[in-house]
Every structure is written in C-alpha cells, then in structure tokens.
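Undergrad: Submitted below is the structure of interest, expressed as structure tokens.
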C-alpha cells in the first residue's frame, strides 16, 4: 500500500475512533448520572437498529448496534411489557424533576468536560502553542458546498503551492497572496498547483464575483506544523485549556446563531457524519496534536447540538420536563411519545440527507461517477 494511501486510511480510522469515543462519553454521562442516583437503566447502546454484539451485566444490556449514527441509554419506563411495577421508586419517571433533569443534562455536561480535558491534555503533552513551523503553500481546511471551489473540484486537505505558476511562499504571507489572487481574480481563470493525498495536480478555478470581490467558498491556513513551548506551571496549562475551550465554544455558538439567522446562506455549509470524518482524517494526517483539537471541537459541537430544544435531542427532553414542571403534573403519555417519535424520525431523516450530501461531494465518489 502506498504511503499516502496508508496515511489517508489511518486518518479515517483515527477520525472514526474519535467519533465513537465521543458517543461513548455522551451516553456514558447519561448512564452515570442515572446509576449514581440509583435510577434503573435497561440498556446502554452504541448505534441504532439490530444488535451486533451484546453483554448483560447487573441487569443492563450493553450493546453495539448496526447503524453507527449515535447511541442511547434506555430505561425500563420505555418498556410497557417489562416486569417492573409502574410505581417502582427507582424508575426514572417516578423520580423528582431535578434528578431527571440531571440525567438529561449529563450527556451535554460530559461532552463539555471531556473537551476541556482533551485541551488540557494537549497542553500537558505538547506545551503552549507558539506559532507555526511553516512550509511552502496554503492548506485548504474546508470547502463550502455549492461554491466555486467545490464545483471546480478543490478538496479540503490539499495544499496550494502556486497560482498561475507563481509560488505562494510560506506562512501568513502565502495566505495573503492566495486571498489577494482570489479577490482580484473575479471572473478570471486561476491555475492552481496542488498537492494532496494522490500527489500533485493542476486545477483551473474561476472565482465568483460578490460586491466587486472574488470569492471561492474555501477556508485556509498556513501549511506547516504547530510549534510549542514547554511550561512546568500548572496554572499556565489550565489557562491555556480554558482559553481554547471558550474560544471553540464561542465560535460554535456563533456558527449555530448564524445558521438560525441566515439559514439560506449558511445551510449549504452544514456537514454531516461523512464530512466530519473527512475533516478529522485531514487533521489527523497533520499530526496527533491536530487530532486533539478535532476531538475537542467535535465534542463541543455535539454538546451544543444536543442542547438545542428539538424533539429527540436532550434539549427537547429538557423542554418537555420544563413544561411538566410548569403544568404541575405529567404530560399526556401519548403527547410525549408522539413528540419523541416524530423528532427521532426527523433526526434520522436529517442524518440520511447529510450523509448523501456529504458523500456526493467526496473526491472518491466524484471519481467513481466520472466527474
């Protein structure tokens, strides 16, 4: 197997391992919060659908299922044919609202805590970030669907070495030269020399014009490896982890805010599981320190996503619990089941759409289709 292909395969496996770990962390938060309070749990599952592997321990089914799109913790309350009395005080539905709220919120809290620990571990292992050891060119980190970069066939993870035969150079100066060429080249053909997982290639790209400035719909950064400086001060490690955590969290919240306020413009940029794996694979090939950052980024995104007040997500369950508290008595069972099932179906539908959308944009699929 060629070194580039092997590196790409290992990057994909690393990204998949990170996603699997984050699902375990999230569902583990729910599981721990329930069992710590003595609440009965019937199953802990990674994935959905038919069971592939399972093990029974202390009355709990631990299962790996066929559809790797998340996971869940199930409670005896959800099994109408179970042999546990409906008035059992250890059923989740019979516990006070604050205990149920903790179980619901624990998944989000677990992902946030895990993200901070990952950033702290990165600082502990590598040190405090201190710039970049630059190499030639500019790294493409993200391609927006439906924009000129995507239609021309530019791929995230590739390095742009030269434009129209002129080398870009290194570092931030290379980024400035690339941006200037794009902004000044609206409607003109730019010949890019690229290097990626399949080696070097050339690509013609015509920037679109927007308010008199060229745009291609791509995010980039200087090519190179991060440079770190060692510090033995635990306070500096904590401060760095806090800084990274709040920076990623604020940017994530801003991204979701932009999606809500400017849906038509930002929706085409939304990616699903396949796109996340592709991003993670690209970062993994840049070095293990980038994989730490990817893990924290996705963990925080998973926390924010699950906190949204949408059916089938943790935020939606919390909203139902709040309505129950305001009402002073349980919500009708038919209503809660209907909301949950509808939300779950919509969530699976959205995941399926994103998977198809992401997959259609991957370079390997474009090659198979002859595009």
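Residue numbers (the numbering used here): 953 to 1323. Just so it is clear, CB atoms sit at the ideal spot from N, CA and C, and this is done for glycine as well. Quick caveat: nothing in here was measured; it's all calculated off a predicted structure.
1) Which residues in the same chain as residue 1267 place their Cβ atom closer than 6 Å to its Cβ, once the five residues preceding and following it in sequence are excluded?
2) Would you call the CB atoms of residue 1063 and residue 1202 closer than 7 Å?
3) Where residue 971 and residue 1073 are concerned, what is the direct C-alpha to C-alpha distance, given to the nearest angstrom?
4) Does DSSP classify residue 1215 as helix, strand or coil?
5) By the DSSP assignment, the alpha helix (DSSP H) with residue 1008 in it spans what residues?
6) From the DSSP output, read off the bridge partner residues of residue 1166.
7) Which whole-angstrom value describes the C-beta separation of residue 1017 and residue 1045, a residue pair presumed to lie in contact below a C-beta threshold of 8 Å?
8) Along the chain, where does the beta strand (DSSP E) containing residue 1023 start, and where does it finish?
9) When you compare only the Cα positions, how much space is there between residue 1149 and residue 1091?
10) Are the stretch 1130-1148 and the stretch 1159-1168 in contact at 8 Å, needing three or more beta carbon pairs?
11) Is it the case that the Cβ atoms of residue 1094 and residue 1025 are separated by a distance below 7 Å?
12) Taking the alpha-carbon positions, what's the residue 1033 to residue 1068 distance?
13) Could you name the residues that DSSP lists as bridge partners for residue 1172?
14) Per the DSSP calculation, residue 1146 is bridged to which residue(s)?
15) Does DSSP classify residue 1250 as helix, strand or coil?
16) DSSP state of residue 1129, grouped into three classes?
17) For a cutoff of 7 Å on Cβ pairs, would you count residue 1165 as touching chain C?
18) Using a Cβ-Cβ cut-off of 6 Å (strictly less than) and excluding sequence neighbours within five positions of residue 1269, which residues of its own chain qualify?
19) Do residue 1166 and residue 1134 have their C-beta atoms within less than 7 Å of each other?
20) Can you find the residues in the same chain that come closer than 6 Å, C-beta to C-beta, to residue 1219, ignoring five residues on each side of it along the sequence?
21) Do residue 1208 and residue 937 have their beta-carbon atoms positioned less than 7 Å apart in this structure?
22) Just verifying my parser: in three-state terms, what is the DSSP assignment at residue 1080?
23) Suppose you measure from the CA of residue 1105 to the CA of residue 1144; what does that come to, to the nearest Å?
24) Can you tell me the Cβ-Cβ gap for residue 1123 and residue 1174, rounded? I've got them flagged as a contact below 8 Å.
25) Shortest alpha-carbon distance to residue 1013 belongs to which of 984, 994 and 1080?
TA: In this structure, then:
1) 1259, 1260 and 1261, listed in sequence order.
2) Residue 1063 places its beta carbon 7 Å or farther from that of residue 1202.
3) For residue 971 and residue 1073, the distance between alpha carbons rounds to 18 Å.
4) Because the pLDDT of residue 1215 is 46, which lies under 50, any placement of that residue in the model is unreliable, and the question is left without a value.
5) Careful: residue 1008 lies outside any alpha helix (DSSP H), inside the beta strand (DSSP E) at 995-1009.
6) BP columns for residue 1166 point to 1161.
7) With a Cβ gap of about 24 Å, residue 1017 and residue 1045 do not count as contacting.
8) That run of the beta strand (DSSP E) goes 1012-1026.
9) Here the alpha carbon of residue 1149 sits roughly 12 Å from the alpha carbon of residue 1091.
10) Note that the stretch 1130-1148 touches the stretch 1159-1168; at least 3 beta-carbon pairs, one per stretch, sit closer than 8 Å.
11) Against a cut-off of 7 Å, the Cβ pair of residue 1025 and residue 1094 comes out as no contact.
12) Their Cα atoms are separated by approximately 41 Å.
13) Beta-bridge partners of residue 1172 (DSSP): 1092.
14) Paired residue(s): 1112 and 1153.
15) Note: residue 1250 maps to helix in three-state DSSP.
16) Of the three classes helix, strand and coil, the one that applies to residue 1129 here is helix, per DSSP.
17) The structure shown contains no chain C; it holds only a single protein chain.
18) So the qualifying residues of the chain are 1056.
19) Taking 7 Å as the cut-off, the beta carbon of residue 1166 is found closer than this to the beta carbon of residue 1134.
20) Because the pLDDT of residue 1219 is 47, which lies under 50, any placement of that residue in the model is unreliable, and the question is left without a value.
21) The structure shown does not extend to residue 937, since the chain is modelled only from 953 through 1323, so no value can be given for it.
22) Three-state result, residue 1080: strand.
23) Straight across, the Cα-Cα distance linking residue 1105 with residue 1144 is about 11 Å.
24) Contact flag correct, Cβ pair sits at about 5 Å.
25) In this structure, 994 is the residue among 984, 994 and 1080 with its C-alpha nearest to the C-alpha of residue 1013.
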